[in-house]
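S.K.: Before we start, here is the structure in question, set down as structure tokens.
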Ligand code: NDP
Ligand code: 8X3
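In the working numbering, the protein residues as written are 287 to 537.
Shown next, in the form of structure tokens:
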């Protein structure tokens with residue numbers, strides 16, 4: 287896959303970071319996006335001996351900044367072959383009647399609108415070339431709803447619908463669109479959800495053999511490395527111990 291270029295949102299942590307590592311190992315040049323500049327710099331230093339790396343610091347919520355950042359990539363990074371729409375998080379875990387409206391805004395603005403803004407900026411160069419691969423990171427929360435998951439689940443159901451819509455609308459443009467929907471993965475996800483309460487976050491992933499970010503990165507690499515006529519459209523991936531959002535075989 288040497289010579290291909292991937293843009294990964296949310297590359298500073300978790301699934302996005304592990305995917306960047308995996309892609310670098312496979313020779314895929316990288317445009318890495320996130321808001322934490324120090325981490326972007328660390329990633330650039332870590333991978334630049336393996337592949338070409340360009341970093342972009344922007345908040346996916348800001349549509350002007352998204353467009354400016356992506357327009358600013360040097361000419362040798364303009365032909366983006368693979369877009370990994372991964373940036374996102376849950377904010378809060380509250381019943382609908384006591385939920386925090388700032389949390390709702392964050393989840394819908396980042397997970398749904400941010401994904402759309404990034405996609406809108408990148409898709410035209412794919413349709414022009416009649417080639418490209420978009421992978422949206424959904425969730426089991428986009429396939430079912432769990433107690434107190436309300437708006438996060440809604441945001442991931444929206445990602446599910448957007449993935450299907452993209453696949454339909456981009457069909458005649460020869461563009462591959464797929465979604466990968468993980469169950470629980472041990473990342474900074476719960477730390478963000480519980481607003482820095484590490485003890486509470488750690489408990490989410492204790493007592494069972496939870497998926498790691500590298501497990502998802504392996505699958506993402508498998509998906510992007512299929513021949514061009516093969517499109518893995520939709521995958522649900524859970525740890526063996528997990529049967530649904532609420533059924534987990536814990537010690
Ligand atoms: P992490 O918290 O480890 O990573 C989230 C990434 O998103 C970070 O790189 C963060 O970068 C970026 N991000 C968050 N908000 C913004 C923003 N406003 N603008 C730009 N970038 C942003 O979580 P995960 O790796 O677990 O999450 C990645 C994706 O996987 C998300 O879409 C999540 O919903 C999904 N997912 C996670 C699961 C899990 O159990 N962990 C399971 C199923 C799906 P920075 O802060 O530097 O901007
Ligand atoms: C993350 C998985 O079950 O914590 O999307 O919502 S879950």
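Heads up, the beta-carbon is just placed ideally off N, CA and C, and yes, glycines get one too.
This one's a predicted model, so the numbers in the text were calculated from it and none came from an experiment.
Look at the alpha carbon of residue 341 and the alpha carbon of residue 319, and state the distance between them as a whole number of angstroms.
M.R.: Here residue 341 corresponds to residue number 55 of the chain shown, with the count starting at 1. Here residue 319 corresponds to residue number 33 of the chain shown, with the count starting at 1. Rounded to the nearest angstrom, the two C-alpha atoms are 6 Å apart.
S.K.: Within 10 angstroms of the Cβ of residue 303, are there 16 or more other Cβ atoms? Answer buried if so, exposed if not.
M.R.: Stepping through the chain shown from its first residue, residue 303 is reached at position 17. It counts as buried.
S.K.: For my contact list, residue 445 and residue 439 are in at a C-beta cut-off of 8 Å; report their separation, rounded to the angstrom.
M.R.: For the purposes of this step, residue 445 is identified with residue 159 of the chain shown, where counting begins at 1. For the purposes of this step, residue 439 is identified with residue 153 of the chain shown, where counting begins at 1. About 11 Å separates the two Cβ atoms, so there is no contact after all.
S.K.: Out of 295, 309, 416, 313, state which residue places its alpha-carbon closest to the alpha-carbon of residue 322.
M.R.: Within the chain shown, numbered from 1, the residue matching residue 322 stands at position 36. Nearest C-alpha to residue 322: 295.
S.K.: Answer yes if the segment 415 to 427 comes into contact with the segment 379 to 394, meaning at least three C-beta pairs across the two stretches below 8 Å, and no otherwise.
M.R.: Output reads no: the segment 415 to 427 does not touch the segment 379 to 394.
S.K.: Going along the chain, which unbroken runs of the alpha helix (DSSP H) with 4 or more residues stay wholly within the segment 317 to 365?
M.R.: Fully enclosed alpha helix (DSSP H) runs of 4 or longer: 323 to 333, 349 to 357.
S.K.: Count the other C-beta atoms from every protein chain shown that fall within 10 angstroms of the C-beta of residue 307, then say buried if there are 16 or more, exposed otherwise.
M.R.: To locate residue 307, count along the chain shown from 1; it is residue 21. Per the 10 Å Cβ criterion, buried.
S.K.: Run through the DSSP bridge pairs and tell me what residue 498 is partnered with.
M.R.: Here residue 498 refers to the residue found at position 212 when the chain shown is read from its first residue. Residue 498 is bridged to 472.
S.K.: Considering Cα atoms alone, identify which of 449, 344, 312, 471 is closest to residue 333.
M.R.: Numbered from 1 along the chain shown, position 47 holds the residue referred to as residue 333. The shortest Cα separation from residue 333 among 449, 344, 312, 471 belongs to 312.
S.K.: For the alpha helix (DSSP H) containing residue 292, name the first residue and the last one.
M.R.: For the purposes of this step, residue 292 is taken as residue 6 along the chain shown, with counting starting at 1. No alpha helix (DSSP H) contains residue 292, which is instead part of the beta strand (DSSP E) from 291 to 294.
S.K.: Among the candidates 370, 300, 388, whose CA atom is the shortest distance from the CA of residue 565?
M.R.: This structure cannot speak to residue 565, because the chain is shown only from 287 to 537.
S.K.: Could you name the residues of the same chain whose beta carbon sits closer than 6 Å to that of residue 412, not counting the 5 residues immediately before and after it, in chain order?
M.R.: Translated into the one-based positions of the chain shown, residue 412 becomes position 126. Correct list, in chain order: 418, 461.
S.K.: With a threshold of 8 Å (Cβ to nearest heavy atom), would residue 469 be considered close to the ligand 8X3?
M.R.: One-based indexing of the chain shown puts residue 469 at position 183. Because some heavy atom of the ligand 8X3 lies under 8 Å away, the Cβ of residue 469 counts as near it: yes.
S.K.: In three-state terms, what does DSSP make of residue 414?
M.R.: One-based indexing of the chain shown puts residue 414 at position 128. Three-state result, residue 414: helix.
S.K.: Whole angstroms are fine: how far does the CA of residue 361 sit from the CA of residue 526?
M.R.: Numbered from 1 along the chain shown, position 240 holds the residue referred to as residue 526. Numbered from 1 along the chain shown, position 75 holds the residue referred to as residue 361. So the two alpha carbons sit approximately 44 Å from each other.
S.K.: When the Cα atoms are used, what is the spatial distance from residue 477 to residue 504?
M.R.: Looking up residue 477 in the chain shown gives position 191. Looking up residue 504 in the chain shown gives position 218. Cα to Cα, the separation comes out at about 23 Å.
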